[in-house]
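Student: Protein chains in written order, with the working numbering: chain A, 21 to 131; chain B, 156 to 272.
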């Protein structure tokens with residue numbers, strides 16, 4: 021099971037780009053990388069998912085190097101409402117029951 | 156995207172009573188649902204995996220007689236906290252896995268804050 025390591029917390033000013041990196045040295049060949057966002061007293065919300073290279077959607081980009089041992093979630097021009105905890109998970113259909121949440125990264129955005 | 160509805164959002168109960176939490180997949184069939192527990196400022200801890208039509212699989216350290224899980228249909232799983240005590244007070248979250256084409260994407264309920272007096 022791939023274990024993930026993220027920074028515990030990050031601070032940013034509104035309008036800046038934020039990059040959160042996740043290490044997953046033991047990622048398996050068929051594992052996907054998925055990022056979730058969680059606000060206080062709410063369930064996590066899917067942000068983005070990728071397997072390799074770069075994935076972009078309307079809210080974020082995900083950069084995955086060739087060795088896939090890490091990934092970087094990029095949030096362009098963050099706002100106060102992006103203050104939340106961000107989790108990266110790695111896994112595949114076969115390991116669905118064992119997806120483990122790491123500590124997550126607590127992002128604080130201020131004016 | 157897929158929607159998972161969790162009810163109730165919060166519940167306050169007396170010590171010794173039982174509380175049932177429902178988790179429904181509204182627009183897709185979920186053969187597998189997961190139940191998590193989260194303490195303040197901590198990460199989610201997987202409690203059990205709920206499979207439709209079969210017994211749930213509990214993580215180590217989670218009492219199956221304390222946390223009863225039923226997954227009677229492809230759209231509903233329930234977690235019953237039996238004989239609740241103050242130490243059971245926590246934020247409980249369910250999630251459902253979409254079909255295999257979603258590549259391990261999980262859809263989460265909004266969570267249930269349980270307070271046991």
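Cβ atoms here follow ideal geometry from the backbone N, Cα and C, with glycine treated the same way.
Could you tell me the distance, in whole angstroms, from the CA atom of residue 260/B to the CA atom of residue 244/B?
Tutor: As a first step, residue 260/B must be located in the second chain, where it is residue number 105. As a first step, residue 244/B must be located in the second chain, where it is residue number 89. In a straight line, the C-alpha of residue 260/B is about 28 Å away from that of residue 244/B.
Student: Counting only Cβ pairs nearer than 8 Å, list the residues of chain B close to residue 62/A.
Tutor: Along the first chain, one-based indexing puts residue 62/A at 42. 265, 266, listed in chain order.
Student: Would you check whether the ligand FAD has a heavy atom nearer than 7 Å to the C-beta of residue 129/A?
Tutor: Among the components of this structure there are no ligands whatsoever, and the ligand FAD is therefore not found.
Student: Thinking just about the alpha-carbon of each residue, which of 228/B, 158/B, 271/B is nearest to the one in residue 64/A?
Tutor: As a working note, residue 64/A is residue 44 in the first chain. For residue 64/A, the nearest C-alpha among the options comes from 158/B.
Student: For residue 165/B, is the classification buried or exposed, using 16 other Cβ atoms within 10 angstroms of its Cβ as the cut-off for buried?
Tutor: Against the second chain, residue 165/B aligns to sequence position 10. When all chains shown are included, residue 165/B counts as exposed.
Student: Pull out every residue of the stretch 213-228 of chain B whose Cβ sits closer than 7 Å to any Cβ of chain A, in chain order.
Tutor: Within the stretch 213-228 of chain B, no residue qualifies.
Student: Of the residues 208/B, 172/B, 225/B, 173/B, which one's Cα is nearest the Cα of residue 190/B?
Tutor: What you label residue 190/B is simply residue 35 of the second chain in a count that begins at 1. Of the listed residues, the one whose Cα sits closest to residue 190/B is 225/B.
Student: Can you tell which of 188/B, 270/B, 207/B, 172/B has its C-alpha closest to the C-alpha of residue 160/B?
Tutor: Taking the second chain and counting its residues from 1, the one referred to as residue 160/B is at position 5. Measuring from the Cα of residue 160/B, the nearest candidate turns out to be 188/B.
Student: What residue range is occupied by the uninterrupted beta strand (DSSP E) comprising residue 93/A?
Tutor: Translated into the one-based positions of the first chain, residue 93/A becomes position 73. Where residue 93/A is concerned, the enclosing beta strand (DSSP E) stretches over 90-95.
Student: DSSP puts residue 162/B in a beta bridge; with which residues?
Tutor: Here residue 162/B corresponds to residue number 7 of the second chain, with the count starting at 1. The partner list for residue 162/B (beta bridge, DSSP) reads 177/B.
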